[in-house]
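Residue numbers (the working numbering), protein chains in the order written: chain A, 41 to 146; chain B, 4 to 555; chain C, 69 to 242. Where is the CB? At the ideal position from N, CA and C, for every residue including glycine. Everything on this sheet refers to the single structure shown next.
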Amino acid sequence: MTAPQQQKLKVTGPVVVTANRLGDGAVVYRTGSGDWSTALAQAAVVDTAPAATALLAAAITDDIGAIGAYVAPVRFGADGRPEPGNLRERIRLGGPTIALPVAIGI
Amino acid sequence: MYLYDDFDRTLVAERVVEFRDQVRRRLSGELTEEEFKPLRLMNGIYLQLHAYMARIAIPYGTLSSEQLRMLAHVGRRYDRGYGHFTTRQNIQFNWIKLEDLPDAMADLARAGLHGMQTSGNCVRNLTTDQWAGVAAEEVEDPRIWAEILRQHCTMHPEFTFLPRKFKIALTASKHDRAAIKVHDIGLRLHRNGAGEVGFEVIVGGGLGRTPFIGKTIKPFLPKRDLVSYVEAILRVYNLAGRRDNIYKARIKILVHDLGADAFAKEVEAEWLPIKDGPLALDPAVIADIAARFRYPDYPRLEENPPELARLRKADRRFDAWLDNSVTNHKVTGHAIVTLSLKPEGGAPGDATSDQMDAIADLADRYSFGEIRVCHEQNLVLPHVAQRDLPALWRALDAIGVATPNVGLVSDIIACPGLDYCSLANTRAIPVAQELTRRFRDLELARDLGRLHINISGCINACGHHHVGHIGILGVEKNGEEFYQITLGGRADEKAEIGALLGPAVPYAQVADVVEDIVAAYVELRERPDESFVQTVKRLGVEPFKERVYASH
Amino acid sequence: MPLIKNGRLAEDRYVRLLDESPIPDGVAVIVPAARFLADADEILRRDGPTGVEWPNNRKVAELEPYLDRLAVVVLSFPNFKDGRGYSQARLLRERYGFLGELRAAGQILRDQFLFLARAGFDALEVAKPGDAEAFASALARYSVFYQDAGDDRAPALRRRLARMAAVTPREMVR
């Protein structure tokens, strides 16, 4: 959970490239066809450092699509679909782990 | 309440125009993210985990009801219906879209609000005592000086690209409610032996990776010299602060490396040639700024009106709230009221747009239209007539901001943490929420007395954990959330960095450990009125460590 | 690198000396700091305007003895986030009274033009050709300035007082 942009690229399992959409900041994942999707299921999953580096490099130059791209771990769920690989990524995809204040309200 | 004139309004409006153009150039690709990022940061716009975050400045923590309503509107229109008040008296909106920001900024500008310099390597929001202007024992209102410095440091051509962020805090009371000793510059307005009012200048305080208590480099600076002296400090820092390593770039490192005396000499050398130039504060200039601070026309009222005593007897809850959340005002028959934004189970410092609107209405009715923001993440109504306290309390209670826990164990200060912030190692809010549940018993909380718990989700220390009586710092160990605990920190005039209790504990155990610490305090205190922090000072952390780690 | 001088795109008449080759006579030259300091008085006796390129991690006080003979001082912005050049510029203009051309070079974008002008720069080596056209509008972006700096723009505090002085008490609506 150290800010991933500060990590050296080291791939020990399946990873995706993730970022935030430029216009609205929404969490997005780099797809195999060179664009961005909010659905993790659409993300290109790679598992070697060279593949991750290439995917990341292409993502970074596309800073009109999304910004702050980095490599994030995933794991495969029982249904074979990728799931976030750590707490930070679970929170990014699923939102804060706490109820937002409007739910309490007046 | 400072009244903007057309100069102030024009500047903010021009900023909105500039920002709209910068966003346009970014969205069209004319600006890369690398070029745009420092520009958006100059308007307080961050990228967080889920979305952009906009930090809006609340200069020295003072808001008009009109401004609070505008914040409520922005929360509703452009965000998810709530905002978060921060440890620097600002407000943050967590779900703002970049494409909406020019319009949101334009709306805010109509109320004189902006995000200028709430981020970036420039002088940030100047903060002060939330009771400024109304505290009984204040020398004079520090906000006038905060405003003079705010203007001087806004879009300052020389100091817009400092080595790192720069934070200034002011106090004018013996009891420092603004934590000036842990700021880059701390200014203490006081009276010297000759009865003159001037500033003690303290530099190089700060938290984060390398916490330091600030050092006094000028025991007494005449008011006239405030701007030129601050200019000299900033110039020395701008030229000599480290730029090779962001973890060593704050002024506290420079002051520590040079030594306070050598640093003071460098400042003096920069200052002497400029002190009598255009930066010397003309009395007319000071008077002009001071004149635009409006104070209420307080009615003449009696102290302790009978309806207070009656309701105290009749209603234990009102009695508890009066004892806890209401403070003496310098004007007879009036009171300062603190609104707790720390309800049981709540996220510390959050307020919904509905709550903000309701508080704005109450401010109009009971506080001459003025609200303050505390760095402890609560709000204040600073000009309340004592006879209005019963009605005000009922209204505050109805909107959930009257929990009588101000300054107590459940009045927790926490950063947003990993639930929002991309810098975080761990979450902070759910830890705070669980602690408010464990300490929901208000009688117990009262018995424990003043007890500040501060939680930071990472070493950047936005929760000010170093200066918490109990400080909790989130660290990552093998992908799991762990928390380091410190005891005995203080942010006031007796400022101290807390001492490490022992090895970090996992997320699931933090609340248990804090309960054990509190139980140890109850056992170890000499008398019920020996405060937690006094007990720690007397005994050190060892006795606490024994008891806490014995059971874990 | 396009040069903006006094608000307009201009020809750069100065030759930048990059190595140890002899300084040509009768030509406008800019000399790197180390080379300049090694032989300053001699260099300044030459025929033709002389400038020096000064790094942002050296005190400009070292240039004081030469300022009345230098035509140009070039200050460096290796990264637009590195703001040391602004302090150096103000010191040169306001402390040491330098009257020659004060030029900013390096990574400077249009969003810094106004700050640079206010700090006392009158020439900019612009990083992006597109930004050169934007110079005039960049400077016109703001009409209110809070503080005194190295330029003549009247700060707000002084304009307020001037306005108050011009208005009789009856006309003040506050």
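Problem set entry | Contact set between the region 430-445 of chain B and chain A, restricted to residues whose Cβ is under 9 Å from the partner | Result list: Arg430, Ile432, Pro433 and Gln436.
Exercise. What does Ala217 of chain C reach in chain B if we use C-beta pairs closer than 9 Å?
Worked result: Correct list: His159, Pro160 and Glu161.
Exercise. Between Arg238 of chain B and Ser155 of chain C, which are expected to be in contact by the criterion C-beta below 8 Å, what is the C-beta distance as a whole number of angstroms?
Worked result: In this structure Arg238 of chain B is in contact with Ser155 of chain C, their Cβ atoms being roughly 5 Å apart against a cut-off of 8 Å.
Exercise. DSSP three-state call for Asp158 of chain B: helix, strand or coil?
Worked result: Residue identity check: residue 158 of chain B is Met in the sequence provided, not Asp. In the structure shown, Met158 of chain B sits in coil (DSSP, three-state: anything other than H, G, I, E or B).
Exercise. Would you say Glu102 of chain B faces chain A, with C-beta separation under 7 Å as the test?
Worked result: It does; some Cβ of chain A falls within 7 Å.
Problem set entry | For Leu399 of chain B and Gly460 of chain B, believed in contact at Cβ under 8 Å, the rounded distance | At roughly 30 Å, the Cβ-Cβ gap does not stay under 8 Å, so Gly460 of chain B and Leu399 of chain B are not in contact.
Exercise. So which residues on chain B does Ala204 of chain C lean against when the C-beta distance must stay under 9 Å?
Worked result: Against chain B, a Cβ distance below 9 Å from Ala204 of chain C picks out nothing, because the smallest value is about 14 Å.
Problem set entry | Contact list for Arg246 of chain B against chain C, beta-carbon separation under 7 Å | Near Arg246 of chain B (Cβ distances below 7 Å), the residues of chain C are Asp150.
For this session: Indicate whether Val544 of chain B and Leu490 of chain B have their beta-carbon atoms separated by less than 7 Å.
Result: It is a contact, given that the beta carbons lie within the stated cut-off.
Exercise. Hey, quick one: how far does the beta strand (DSSP E) through Lys73 of chain C stretch, first residue to last?
Worked result: According to the DSSP assignment, Lys73 of chain C belongs to the beta strand (DSSP E) that extends over Leu71 to Lys73.
Problem set entry | Those residues which DSSP pairs with Gln133 of chain B across a bridge | In the DSSP output, where bridge partners are listed per residue, Gln133 of chain B has none listed.
Problem set entry | Tyr298 of chain B classed as buried or exposed, judged by whether at least 16 other C-beta atoms fall within 10 angstroms | Here Tyr298 of chain B is exposed. Its C-beta has fewer than 16 other C-beta atoms within 10 Å.
Exercise. In chain order, what residues of the same chain have a beta carbon less than 6 Å from the beta carbon of Arg130 of chain A, not counting five sequence neighbours either side?
Worked result: Correct list, in chain order: Pro124.
Problem set entry | Rounded C-alpha distance that separates Asp279 of chain B from His186 of chain B | Each residue's Cα considered, the two are about 27 Å apart.
Problem set entry | Segment contact, 8 Å Cβ cut-off, at least three pairs: the region 107-117 of chain A with the region 88-97 of chain A | Taking 8 Å as the limit for Cβ pairs, the verdict is that the region 88-97 of chain A does touch the region 107-117 of chain A.
For this session: Measure the CB-CB distance between Val258 of chain B and Ala112 of chain B and report whether it falls below 7 Å.
Result: No.
For this session: Take Glu379 of chain B as the anchor and find which of B:Arg390, B:Leu395 and B:Ala350 has the nearest alpha-carbon.
Result: Just measuring C-alpha positions, the residue of B:Arg390, B:Leu395 and B:Ala350 sitting nearest Glu379 of chain B is B:Ala350.
Exercise. By the 10 Å Cβ neighbour count, where 16 or more other Cβ atoms means buried, how is Tyr214 of chain C classified, buried or exposed?
Worked result: Around the beta carbon of Tyr214 of chain C, 16 or more other beta carbons sit within 10 angstroms, so the residue counts as buried.
For this session: Examine the ligand COA and report whether any of its heavy atoms sits within less than 6 Å of the Cβ of His155 of chain B.
Result: For the structure depicted, the ligand COA is absent and the ligand set is empty, with no information on it obtainable.
For this session: Would you kindly report the start and end of the unbroken beta strand (DSSP E) that includes Gly95 of chain B?
Result: The amino acid at residue 95 of chain B is misidentified as Gly; the sequence shows Gln. In the DSSP assignment, Gln95 of chain B falls within the beta strand (DSSP E) that extends over Ile94 to Ile99.
Exercise. Alpha carbon to alpha carbon, how far is Asp264 of chain B from Asn241 of chain B?
Worked result: Using only the alpha carbons, I get a separation of about 18 Å.
Problem set entry | Unbroken stretches of the alpha helix (DSSP H), 4 residues or longer, contained in the region 34-93 of chain B | 36-44 and 68-81, all fully within the region 34-93 of chain B.
Problem set entry | Neighbour-count burial assignment, Gly151 of chain C, 16 or more Cβ in a 10 Å radius | Answer is buried; the Cβ neighbour count reaches 16.
Exercise. Candidates B:Leu34, B:Gln95 and B:Thr429: which alpha carbon is nearest Asp103 of chain A's?
Worked result: Nearest to Asp103 of chain A by alpha-carbon distance, out of B:Leu34, B:Gln95 and B:Thr429, is B:Leu34.
Exercise. Out of curiosity, what's the CA-to-CA distance linking Tyr63 of chain B and Ala293 of chain B?
Worked result: Between the alpha carbons of Tyr63 of chain B and Ala293 of chain B lies a distance of about 15 Å.
For this session: Would you be able to state if there are at least three C-beta pairs under 8 Å between the region 495-514 of chain B and the region 446-453 of chain B?
Result: Between the region 446-453 of chain B and the region 495-514 of chain B there are fewer than three inter-stretch CB-CB distances shorter than 8 Å, so the stretches are not counted as touching.
For this session: Drop a sphere of 10 angstroms on the beta-carbon of Pro531 of chain B, count the other beta-carbons inside from all chains shown, and report buried for 16 or more, exposed for fewer.
Result: When all chains shown are included, Pro531 of chain B counts as exposed.
For this session: Within its chain, find whatever has a CB closer than 7 Å to the CB of Lys548 of chain B; leave out the 5 residues flanking it on each side and keep chain order.
Result: Excluding positions up to five away in sequence, the list reads Leu504 and Gly505.
Exercise. In terms of alpha-carbon separation, which member of B:Ala197, B:Ala109, B:Trp148 and B:Gly136 lies closest to Asn128 of chain B?
Worked result: With distances taken between Cα atoms, Asn128 of chain B lies closest to B:Trp148.
Exercise. So what does DSSP say about Leu344 of chain B, is it helix, strand or coil?
Worked result: Leu344 of chain B falls in the coil class under three-state DSSP.
For this session: From the DSSP output, read off the bridge partner residues of Trp122 of chain C.
Result: In the DSSP assignment, Trp122 of chain C forms a beta bridge with C:Leu143.
Problem set entry | Three-state secondary structure (DSSP) of Arg493 of chain B | Here Arg493 of chain B sits in strand by DSSP.
For this session: Kindly list the residues whose CB is nearer than 8 Å to the CB of Met73 of chain B, restricted to its own chain and excluding five residues on each side of it in sequence; keep chain order.
Result: So the qualifying residues of the chain are Asp110, Leu111, Arg113, Ala114 and Leu116.
Exercise. Shorter than 7 Å from the beta carbon of Glu36 of chain B to some beta carbon of chain A?
Worked result: Yes, because at least one Cβ of chain A sits closer than 7 Å to the Cβ of Glu36 of chain B.
Problem set entry | Same chain, Cβ closer than 7 Å to Ala66 of chain A, neighbours up to 5 away in sequence not counted | Counting only Cβ-Cβ distances below 7 Å, and skipping sequence neighbours, we find Asn60 and Thr78.
Exercise. So, do the region 331-339 of chain B and the region 26-41 of chain B have three or more beta carbon pairs nearer to each other than 8 Å?
Worked result: No: fewer than three Cβ pairs fall under 8 Å.
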